Amino acid sequence: MTYNHKFIEKKWQKYWDENEIFKTDDFIDKPKYYILDMYPYPSGSGLHVGHPLGYIATDILARYKRHQGYNVLHPMGWDAFGLPAEQYAIKTGTHPSITTKENISNFKRQIKMLGFSYDWTREINTTDPGYVKWTQWIFIQLYNKGLAYEAEVPVNWCPELKAVLANEEVIDGKSDIGGHPVLRVPMRQWMLRITNYAESLLSGLDDVDWPHSIKELQRNWIGRSEGTKVLFELPSISKHLEVFTTRQDTLFGATYIVIAPEHPLVEDLLIEDQKTLVKNYIEEASKKSDLDRIELNKEKNGVFLGSYAINPVNGKEIPIWISDYVIMGYGTGAIMAVPGEDERDWEFATKYDLPIIRTVEPSKDFSGGAYTGDGPAINSEFLNGLYIDEAKEKMASWLEDNKKGERTVQYKLRDWLFSRQRYWGEPIPIIHKDGKPQVLKESDLPLELPDVEKYEPSGTGESPLSNIKNWVEVKDDSDNIIALRETNTMPQWAGSCWYYLRYLDPSNDEKAWDSEKEKYWMPVDLYIGGAEHAVLHLLYSRFWHHVLFDLGLVSTKEPFKKLFNQGMILGQDGSKMSKSRGNVINPDETVETYGSDSMRIYEMFMGPLDKAKPWSTTGLQGCSRFIKKLWSVLVDDEGVLSSNVIEKKDDKETLQALNMMIKKISDNLDQIQFNTCVSEFMIFTNHIQKLESINIDTIRSFIIIMNPFMPHLAQELWELIGETNELTYQAWPDYDKDLVISDEIVIPIQINGKRRSEIHISANESESEVIAKAKSDDKIVSYLKNTTIIKEIYIKGKILNIVIKQ
RNA sequence: GCCGCGGUGGUGGAAUUGGUAGACACGCUGGUCUUAGGAACCAGUGCCUUAUGGCGUGAAGGUUCGAGUCCUUUCCGCGGCACCA
371 MTYNHKFIEK
381 KWQKYWDENE
391 IFKTDDFIDK
401 PKYYILDMYP
411 YPSGSGLHVG
421 HPLGYIATDI
431 LARYKRHQGY
441 NVLHPMGWDA
451 FGLPAEQYAI
461 KTGTHPSITT
471 KENISNFKRQ
481 IKMLGFSYDW
491 TREINTTDPG
501 YVKWTQWIFI
511 QLYNKGLAYE
521 AEVPVNWCPE
531 LKAVLANEEV
541 IDGKSDIGGH
551 PVLRVPMRQW
561 MLRITNYAES
571 LLSGLDDVDW
581 PHSIKELQRN
591 WIGRSEGTKV
601 LFELPSISKH
611 LEVFTTRQDT
621 LFGATYIVIA
631 PEHPLVEDLL
641 IEDQKTLVKN
651 YIEEASKKSD
661 LDRIELNKEK
671 NGVFLGSYAI
681 NPVNGKEIPI
691 WISDYVIMGY
701 GTGAIMAVPG
711 EDERDWEFAT
721 KYDLPIIRTV
731 EPSKDFSGGA
741 YTGDGPAINS
751 EFLNGLYIDE
761 AKEKMASWLE
771 DNKKGERTVQ
781 YKLRDWLFSR
791 QRYWGEPIPI
801 IHKDGKPQVL
811 KESDLPLELP
821 DVEKYEPSGT
831 GESPLSNIKN
841 WVEVKDDSDN
851 IIALRETNTM
861 PQWAGSCWYY
871 LRYLDPSNDE
881 KAWDSEKEKY
891 WMPVDLYIGG
901 AEHAVLHLLY
911 SRFWHHVLFD
921 LGLVSTKEPF
931 KKLFNQGMIL
941 GQDGSKMSKS
951 RGNVINPDET
961 VETYGSDSMR
971 IYEMFMGPLD
981 KAKPWSTTGL
991 QGCSRFIKKL
1001 WSVLVDDEGV
1011 LSSNVIEKKD
1021 DKETLQALNM
1031 MIKKISDNLD
1041 QIQFNTCVSE
1051 FMIFTNHIQK
1061 LESINIDTIR
1071 SFIIIMNPFM
1081 PHLAQELWEL
1091 IGETNELTYQ
1101 AWPDYDKDLV
1111 ISDEIVIPIQ
1121 INGKRRSEIH
1131 ISANESESEV
1141 IAKAKSDDKI
1151 VSYLKNTTII
1161 KEIYIKGKIL
1171 NIVIKQ
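Position one of the first sequence corresponds to residue 371 (the numbering used here), numbered consecutively onward.
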């Protein structure tokens, strides 16, 4: 009987469900292991085969850890607020909650057909009122801690989407979703003070086991740089201008100042003669979208304001210009230009014929413009001769001693724009009374979304909620004053900032989570998901977690101890899977034709989990063939256990093969290397296929170690060998150290590092025996004729190299 | 431009971390079986060459008894950031 995946897979999925095999209890007396997937946004188009890649990996590890005796928490849920459901609502009038519900049920069906061992009793949905309540509650904690505030800020306004986007949602001046142009428009927004946590978020990276590249990405995003704030006197208006620089050592070479067009002192510093020019320039600059700014990147433009500043180190008057290559959002929005040592300043100075003074002696072979390398200081009085690091130190001290500046640290990280002018998101739990914001009482949570007739944003940037008068207006009975609800909603990331905490206690109505449960389960031991969330979700959720830690609400500073990014599965043509390319592989068809075990092991067999690799249907067929082969080796034509599987003692070779496989699979699982595990199964299967009979105990161990990868097949075989204990909780087999080495070893013999022959030795032969044997090998004898042996290098059990001279 | 990652057969990829390069699989070739196709099974398959032998991990150098692995230079690809002072 050939392997019937349809019947067998359904049978065991039903069994797991009905018996709640994967339900996880809190506080039981086993070491805990929390293994988390990045939960999906349930889109209308369903999964393609790339989506479950990470879920297969976590499922394998979750099952492996259960075999190892861990209490495993492995939950799944839905990130269900978001734009697509809302845009669908705008088009069709269908309420997003209906679309969301349908999509979730389709996603759940697809995820379940792959036989994952989730504890579905902990399933969460970010749009459930019971979940929204606590998302809003956390917002209130942030607000009360002074980390949420309103501000009139230039935002990324996308006219096409009629929405304001976060910096992270804008790619090259276009919206991440849809690629529409994005403009800079000032609007009232809710902001979260993530910048207060810049240092904490940066230093926390040292304590987590994350991929090097993701840590670097976050470090770059936070963008810490050390320098000084330098005070330049402005004699014409009797004020000071603050400038941030990391190159205070070049201060003697600062020949002019550039400030951002939005800088508050522009107005004061502007002289009458330059007014028209400057006003025009500012207007042009403010109209530019991000896209324009990038396109105009090549040519720097600016205008002289007409006023001068005093260089604090030598008292010289230097002109003040404006240019949009200086941006208001970073540092102080003003720079001291040192064309001698900065390429941008060099370009600008050359264009407008501004003076250039070198303050670092370029190396002899240097022939360019700005010199950014190291060298002794020149033209810099008390700094002359000092190299950059020393000169920086000395200048920083001089500035501090003379009250002309101070050392500071700057970050690139900006505050997080937290409001969206949308319907389908968590309402921000704020009312505006007498024009002042107030948070809702905890007892008023959750603040649910009202029903609306039109989902379209108002077009002026206000959310559809602003049209619902009887929702927006709230009358307080005590004073009869009408207060107005906040009509902005939270961005999609809000729910995912803390969902991993809700899994710990998903139906608690009294608290967001029970603190004893939190202490038992946290931190997440392993978190697997796509690298595209490197600076969005992963930075935002760390930020919330750091705040919750400071509030004493969680017990660990970092939420995710170990992070692993799965790679993408590409189409058969090697390009990204997408509908427009027509190269999408549907998992429904794959599972229907080949079964979920085949799909699971194929996705693992394709290559390293973190690499991008193309789908191959013939490769999948190979895995399917392997499963059929394995089945036919162990099960006979009538569908019962093969008569070759018996009580007997296995030959040594088979025992070695088994123990070798156990060792390699255990080692590889610990290192998240699944492709080689699948090879091991194939090698072992090829071996036992040749045997006339095999010990049932060997098969029992084999079934346990294959279970994480091919759980349906494993369960069926487990039943066929007559086992009645629950397979999921069987102990992982140990390997016998003496049996992972074969008795007979092949030793290659090299002459001067080139392989010339090989000899067979037994494991315990001594060096001199091996050398003697090698020297009597026919080929080696001929190579050694008429030569002198200089050296013999023997690496035990591995290789022998004989170094000779002619 | 800056930061990070990577380049191994016709293809996906192995290689105990300095010790037989190409495990395992796909594909291909030949064979067995079959009316035929498919499936299954057996054998072969890095390149050049007649067996012998030589060459081979993007390229060029270096360290070493020995380099895919370490060092230097260089080329190419991918991901991220991008006037951040």
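Cβ coordinates follow ideal geometry from the N, Cα and C atoms, glycine included.
Computed from a prediction, not measured in an experiment: that's the story for all the values here.
Remark: C-beta atoms of residue 1072 and residue 1044 do not approach each other more closely than 9 Å.
Per DSSP, reduced to three states, the secondary structure at residue 899 is strand. Just so you know, the alpha carbons of residue 898 and residue 806 end up roughly 42 Å apart. Counting C-beta pairs with one atom in each stretch, the region 1023 to 1034 and the region 983 to 1003 have fewer than three that are closer than 8 Å, which means they do not touch. Under DSSP, residue 854 takes part in a beta bridge, and its partners are 802, 843.
The three-state reading of DSSP puts residue 1145 in helix, counting H, G and I together.
The shortest CA-to-CA distance from residue 532 to any of 620, 608, 834 is the one to 834. Three or more Cβ pairs closer than 8 Å define a contact, and the region 1046 to 1060 falls short of that threshold against the region 1133 to 1150.
Excluding the 5 residues flanking it on each side, residue 623 has same chain C-beta neighbours closer than 6 Å at 708, 710, 727, 729, in chain order.
Between residue 911 and residue 866, the gap from beta carbon to beta carbon is short of 9 Å.
Here the region 596 to 608 makes no contact with the region 790 to 806; the two share fewer than three CB pairs at distances below 8 Å.
The C-beta distance from residue 998 to residue 372 rounds to 6 Å, short enough to meet the 8 Å contact threshold. Taking C-beta atoms as the reference points, residue 453 and residue 862 count as a pair closer than 9 Å.
For the beta strand (DSSP E) assignment, the uninterrupted runs of no fewer than 3 residues enclosed by the region 424 to 451 are, from N- to C-terminal side, 441 to 443. A contact between stretches requires three or more CB pairs, one per stretch, nearer than 8 Å, and the region 586 to 601 meets this requirement with the region 563 to 576. Secondary structure of residue 993 (DSSP, three-state): helix. DSSP places residue 704 inside the beta strand (DSSP E), whose first and last residues are 704 to 707. Close CB contacts of residue 725 within its chain, under the 6 Å cut and outside five residues either way in sequence, are with 625 (chain order). With respect to the 9 Å criterion, residue 820 and residue 840 are classified as neighbours on the basis of their beta carbons. With respect to the 9 Å criterion, residue 561 and residue 518 are classified as neighbours on the basis of their beta carbons. Around the CB of residue 855, 16 or more other CB atoms lie within 10 Å, so the residue is classed as buried. Taking a C-beta distance under 9 Å as the contact criterion, residue 1127 and residue 1144 qualify as a contact pair. By alpha-carbon distance to residue 884, the top candidate from 376, 935, 925, 550 is 925. With fewer than 16 neighbouring CB atoms inside 10 Å of its own CB, residue 514 falls in the exposed class. Counting of Cβ neighbours within 10 angstroms places residue 1156 among the exposed residues, the total staying below 16. Closest in alpha carbon position to residue 552, among 565, 563, 534, is 534.
For residue 1158, no alpha helix (DSSP H) encloses it; the enclosing beta strand (DSSP E) starts and ends at 1158 to 1165. Excluding its 5 nearest sequence neighbours in each direction, residue 382 has C-beta neighbours in its own chain below 6 Å: 1082, 1085, listed in chain order. When beta bridges are read from the DSSP output, residue 778 appears opposite 597.
The Cβ-Cβ distance between residue 627 and residue 613 falls below 9 Å. At a Cβ-Cβ threshold of 9 Å, residue 869 and residue 425 do not count as neighbours. Beta-carbon to beta-carbon, residue 1141 and residue 1174 are separated by about 13 Å, too far to satisfy the 8 Å threshold. Ranking 406, 414, 413, 449 by CA distance to the CA of residue 431 puts 406 first. As DSSP reads the structure, residue 934 sits in a beta bridge with 898.
Straight through space, the alpha carbons of residue 1028 and residue 1111 are spaced by roughly 11 Å.
In the DSSP assignment, residue 1029 forms no beta bridge with any residue.
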